[in-house]
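Heads up: the structure comes next, in structure tokens.
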């Protein structure tokens with residue numbers, strides 16, 4: 013079998029007839045019919061039932077097509093992923109996104125790129141920070157956007173943007189109207205922590221900042237994601253932490269019941285830093301061009 017035979021079976025199945033497949037493939041109906049007949053003879057089983065209304069997959073044909081789809085898609089991905097090693101203007105770039113990134117930020121930054129480089133497209137992968145680092149090292153992805161700084165050698169990075177970390181509480185909270193507060197001023201508060209990667213990173217930041225101020229934070233982990241923790245804070249006397257860009261994703265019914273306080277310390281406002289990361293020795297030219305474009309976009313934002 014060759015890939016064209018697999019493609020023929022897929023197109024016949026999608027078109028619903030050999031005549032329709034010939035029209036879609038720009039070939040002769042007799043040639044496509046003969047190719048299918050020879051393939052079925054070699055397999056020893058019919059892949060389609062011919063009827064007056066067209067063709068329908070047999071059970072064997074359905075099983076065959078499922079595997080054929082994987083091979084065809086894999087071959088296409090192999091072709092496109094290899095092309096990214098040429099001059100950097102062709103191929104599929106695999107981009108990993110850390111779960112704590114604000115939704116839509118990276119895709120918005122990269123939106124103009126396929127217009128400028130028509131031969132480039134993107135494949136996206138959402139994963140934890142640790143899984144993205146592993147994927148970079150084994151070549152599963154070309155670049156990743158995640159929180160900085162990065163551990164270990166071999167992985168290069170460039171900063172793209174930072175988000176302030178704000179404290180969110182009910183409008184009736186004692187410090188709700190202050191606008192800003194230091195970590196020391198919040199040392200008596202109970203902080204609600206979400207059960208996700210964002211929650212883990214916020215807890216690490218909270219612990220570090222409170223210890224620098226001379227306190228041990230009081231925390232309570234909730235079995236919900238960090239964005240949902242805000243609703244719990246709005247309904248009680250506790251505090252949630254959140255990157256400020258996430259506030260825009262809260263529904264109006266929550267936003268009207270919360271106060272947002274900026275948290276400051278001796279270094280200024282607390283924040284998460286985000287950047288692009290790649291494997292220093294194995295990053296293909298096409299991905300390197302994308303990274304440079306991200307730097308330019310970050311400077312313009």
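In the numbering used here, the protein residues as written are 13 to 313.
Positions of the beta carbon are idealized from the N, C-alpha and C atoms, including for glycine.
With fewer than 16 other Cβ atoms from the protein chains shown falling within 10 Å of its own Cβ, residue 308 counts as exposed. Taking each of 127, 130, 156 in turn and checking the Cα distance to residue 113, the smallest one comes out for 156.
Judged by beta-carbon spacing, residue 30 lies within the 8 Å limit of residue 67, meaning their Cβ atoms are closer than that value. For residue 230, the uninterrupted beta strand (DSSP E) run begins and ends at 230-233, by DSSP.
By the C-beta density criterion, residue 247 is exposed, having fewer than 16 other C-beta atoms within 10 angstroms. With at least 16 other beta carbons inside 10 angstroms of its own, residue 20 counts as buried.
Shown here, residue 200 sits in coil according to DSSP, grouped into three states, outside any helix or strand. Within the same chain, 92, 93, 133, 135 come within 6 Å of residue 104 by CB-CB distance, once the 5 residues on both sides are set aside. Rounded to whole angstroms, the Cβ separation of residue 253 and residue 218 is 6 Å, and the two are in contact under 8 Å. The continuous beta strand (DSSP E) containing residue 68 extends over residues 66-69.
Annotation for residue 147: 108, 137, 139, 153, 156 place their beta carbon closer than 8 Å to its own, counting only its chain and skipping 5 residues before and after. Per DSSP, the unbroken beta strand (DSSP E) holding residue 110 starts and ends at 103-110. Burial state of residue 209 is buried, judged by a 10 Å Cβ sphere holding 16 or more other Cβ atoms.
In the pairwise beta carbon analysis, the segment 290-304 is classified as not touching the segment 211-226: fewer than three pairs are separated by under 8 Å.
With fewer than three CB-CB distances shorter than 8 Å, the segment 64-82 does not count as touching the segment 163-176. Taking 8 Å as the cut-off, the Cβ atoms of residue 225 and residue 277 count as close.
When beta bridges are read from the DSSP output, residue 18 appears opposite no residue.
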